[in-house]
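*Asks:* As they're listed, the protein sequences go chains A and B.
Under our numbering, the very last position in the first sequence is 487; numbers go up by exactly one each time.
Under our numbering, the very last position in the second sequence is 1027; numbers go up by exactly one each time.
Ideal placement from N, C-alpha and C gives every residue a C-beta, glycine not left out.
The model shown is predicted, which means the values in this text are computed figures rather than measured ones.
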Amino acid sequence: MSLTDIQSNIVDNLITRFEKSGPQLVPGIQDLREGALTSLKETGLPGNKHEEYKYFNVSRKISRDYSFTLVDAANPDEHWIKSSLVDDEQGIHLVFLNGLFRSDLSRKGNSLEGMEFYRLDETHPRMDDILRIFKEEQQNINRDPYLELNHAFFNSGYLLNINHKKDAQPIYIYHFSENASENVMINSKGIIVVESDTKADITEIYLSKDKTHQFRNHNTEVYARNGALVNYQIVQETGHESVCINNFNIHQSESSRVNVYTFALSGKHLRNNLNVLLNQEHLESHLYGLYFVSGSDHIDNHTTVDHKKPHCFSNEYYKGIIDDSGMGTFNGKIYVRPNAQKTNAFQSNKNLVLTDAATINTKPQLEIWADDVKCSHGATTGQIDEEQLFYLRSRGLDKDSATALLLHAFAFDIVDKVESVQLRKYIGAKINQRLGYQFSD
Amino acid sequence: MLHIKDLKASIEDNQILNGVNLEVKPGEVHAIMGPNGSGKSTLASVLAGREEYEVNSGEVLFEGEDLLDLSPEDRARKGIFLAFQYPVEIPGVSTTNFLKSAINQIREYNDLKPMDSVHFLKHIKEKMQLVEIDQSLMSRSLNEGFSGGEKKRNEIFQMAVLEPKLAILDETDSGLDIDALKIVANGVNKLKSKDNAVIVVTHYQRLLNYIVPDYVHVLLGGRIVKSGTKELALELEEKGYDWIKEEYNTTAV
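1) Specify the secondary structure class of residue 179/A as computed by DSSP and reduced to three states.
2) Below 9 Å on C-beta distance, what does residue 7/A contact in chain B?
3) Have a look at residue 792/B and residue 873/B and give me their C-alpha separation to the nearest angstrom.
4) In chain order, what residues of the region 160 to 194 of chain A put their CB closer than 7 Å to some CB of chain B?
5) Within 7 Å of any Cβ in chain B, is that where the Cβ of residue 374/A sits?
6) Using the Cα positions of residue 1005/B and residue 976/B, report the straight-line distance between them to the nearest angstrom.
7) Counting contacts by CB-CB distance shorter than 7 Å, is residue 440/A in contact with chain B?
8) Going along chain B, which residues have a C-beta under 9 Å from residue 472/A?
9) Nearest CA to the CA of residue 410/A: which residue from 430/A, 348/A, 443/A and 400/A?
10) Going straight from the alpha carbon of residue 888/B to that of residue 927/B, what length do you get?
11) For residue 935/B versus residue 880/B, is the C-beta spacing smaller than 7 Å?
12) Can you name the residues of chain B whose CB is closer than 7 Å to the CB of residue 80/A?
13) For residue 812/B and residue 992/B, I'd like the C-alpha separation in whole angstroms.
14) The alpha helix (DSSP H) with residue 105/A in it runs from where to where?
15) Looking at residue 147/A and residue 172/A, is the spacing between their C-beta atoms short of 7 Å?
16) If contact is defined by three or more beta carbon pairs under 8 Å, each pair taking one atom from either stretch, is the region 117 to 125 of chain A in contact with the region 92 to 108 of chain A?
17) Give the range of the beta strand (DSSP E) segment to which residue 231/A is assigned.
18) Taking buried to mean at least 16 other C-beta atoms within 10 Å of its own C-beta, is residue 788/B buried or exposed?
19) Please confirm if the region 270 to 283 of chain A is in contact with the region 232 to 245 of chain A, defined as three or more CB-CB distances below 8 Å between the two stretches.
20) So, does the CB of residue 97/A fall closer than 7 Å to a CB anywhere in chain B?
21) Just how far apart, CA to CA, sit residue 388/A and residue 301/A?
22) Roughly how many whole angstroms lie between the Cα atoms of residue 167/A and residue 305/A?
23) Which chain B residues sit within Cβ distance under 8 Å of residue 437/A?
24) What residues in its chain sit with their C-beta under 6 Å from that of residue 159/A, if we drop five residues either side in the sequence?
25) Can you find the residues in the same chain that come closer than 8 Å, C-beta to C-beta, to residue 780/B, ignoring five residues on each side of it along the sequence?
26) Within 7 Å (strictly less), CB to CB, does residue 48/A reach chain B?
27) What residues in the region 919 to 946 of chain B bring their beta carbon closer than 9 Å to a beta carbon of chain A?
28) Alpha carbons only, please: which of 775/B, 776/B, 782/B and 867/B is nearest the one belonging to residue 997/B?
29) Between residue 997/B and chain A, is the shortest Cβ-Cβ distance under 7 Å, so that the two count as touching?
30) Just confirm the distance between the C-beta atoms of residue 235/A and residue 203/A, as a whole number of angstroms; I'd bet it's less than 8 Å.
31) Using a beta-carbon distance below 7 Å, is residue 469/A in contact with chain B?
32) Using a Cβ cut-off of 9 Å, which residues of the region 473 to 484 of chain A contact any Cβ in chain B, in chain order?
Following this line, the structure appears as structure tokens:
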């Protein structure tokens, strides 16, 4: 049996399972699903021969007999959930638990003015409109196999439309997983539309209680309309057992600016594909990332910044700490298409590898077809600076706290880029706890 | 306070110190002078506990206790301070932030209660005036983008904050203009008391015009070959090191 056979068997098996246990789909979504299925059947799911997935192979995990019926957590740990929310009273907190929306655990802030929120399994007036745009835009995006899988089998999701007239309330979307059956596959989808000249602050937070086995395959599409300013944060602690694969696609319209901040803090098999499509003029995109890999975690961050039109600016800055026997991957692609003159595109990736057993694979990849552009990239990998460590110890700090202090400084270079104070505190506290950092700021 | 007995130390199999003997008592200022490559910085590094150096034989006692077995942080907690020849830049770490932790770890080691924020701020404000260091430097990343003079002043500032029993100044004068040199020396002099001691490691006599030593030692070939009072420094300034080299050439290993 060849590799391709195995992969297509998996797909056939998933189709059968989905037909048995998948949700009823609202009209319009059916087409999307069928297109994706066709493409999935052709390509299969990636094994370790696949260039983009050579360090990230979950074919064994995906061969299980999954059910697509979402199951509510039997006794959700409400204390854990409540204490995991960002401390922001002005914010709107939307909670999904094991793929199911939980309005009882959500907090709606002061008002929902200027904001529409729908579950994707409900019919609503804007659905046709959104789906049309969604399908059109899909043609411009990487055909990632797990994105196709999500299109084909999604069983959870939301639509968020933001059209604030005044200052935006921050929006937090939580994806909790707890006590979930390991045989459930959650393919959840988020569609976020930020209307023209609107500022929005949106955060998606993925948290698992430890020992949760789950297969989560998530997709968020962010549309920033003309002149929109979007801060989009992703915070992930997906546990030391589960699989969590994400496709984030950012679509920008003229003169918009999007800042994406990814904090991948734990995950046995955590994969982020972040694609930014610069298909109009005068766009600005900032991509910041921090991955903190420990234990036997495996965290992959793949980014693509695709400059298709002139006069755009992109800046990407990712840092990683790899500890224990963890493995991290950073792959950063920048395309500057022939048309995209006057492009400014920058990329930097810095890694600290803390042990002999830790691994980092870093691959910056620039492909430039236009001739009047400014582009740069750089990747560094090193250990903790011994001279800095000795300096701090010679002042009386023990080795552990000196190390924590240096790692803290390395990580907070990214944390401090986040605009929201509440989020900086939230993310900072998680990192400090991991580092055993006990300094006052 | 400090007894160094026949100390031999090497780095990467090169023996640099070939039997150093030195005794420092509370209240004293000792200058260690010598040409390049004589082992001055090695001696300072070995005392502070830099791990690349290996001690081959000999003994260092600090207040009667074996110093060489202690980690760098424990040496600091017992009251040894090394002012670096080349202070490192540490992006993202502010001086005040790490000093507060350092001071409290030192206090904890010595069974003292932690210093609260109010007292700490008052304490560092006093010391800032002492070395004429600006508040803005304190909130910036440690030494990042500092001029050479600012880095050295920051070293003396940290020394003032931590109030060590024994301070070792490793070529603190190098790279300083005369004004900065006076500020640094003035800071060191104000911190002097009958209970603490200073070892000034330097190539030139210049700093010793401002920090007046009780004893001057000449380190040559990893050994102290001549000791005297401050007049010896003046003689070295005038005649250079060659006459000592000639005098001791036959006996140096």
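*Replies:* According to the data block:
1) DSSP, read as helix, strand or coil, puts residue 179/A in helix.
2) For residue 7/A there is no data in the structure shown, the boundaries of chain A being 47 and 487.
3) C-alpha separation (whole angstroms): 36 Å.
4) Nothing from the region 160 to 194 of chain A brings a Cβ to less than 7 Å from some Cβ of chain B.
5) No - not a single Cβ of chain B is within 7 Å of the one on residue 374/A.
6) 15 Å
7) yes
8) Those within 9 Å of residue 472/A in chain B number zero; the least Cβ separation is about 19 Å.
9) 348/A
10) 26 Å
11) no
12) Those do not exist, as residue 80/A stays about 51 Å from chain B at its closest Cβ, beyond 7 Å.
13) 9 Å
14) 105 to 108
15) no
16) no
17) Where residue 231/A is concerned, the enclosing beta strand (DSSP E) stretches over 231 to 240.
18) Around the C-beta of residue 788/B, fewer than 16 other C-beta atoms lie within 10 Å, and the residue is accordingly described as exposed.
19) Contact between the region 270 to 283 of chain A and the region 232 to 245 of chain A is present, because at least three Cβ pairs lie under 8 Å.
20) no
21) Each residue's Cα considered, the two are about 15 Å apart.
22) 29 Å
23) For residue 437/A, the neighbours in chain B by C-beta distance under 8 Å run, in chain order, 858, 861, 862 and 864.
24) none
25) Excluding sequence neighbours, residue 780/B sits near 793, 794, 795, 831, 832 and 833.
26) Residue placement at residue 48/A is flagged as unreliable, the pLDDT there being 47, under the threshold of 50; a coordinate-derived value is accordingly withheld.
27) Cβ contacts with chain A come from 932 and 936.
28) 782/B
29) no
30) 4 Å
31) no
32) 484
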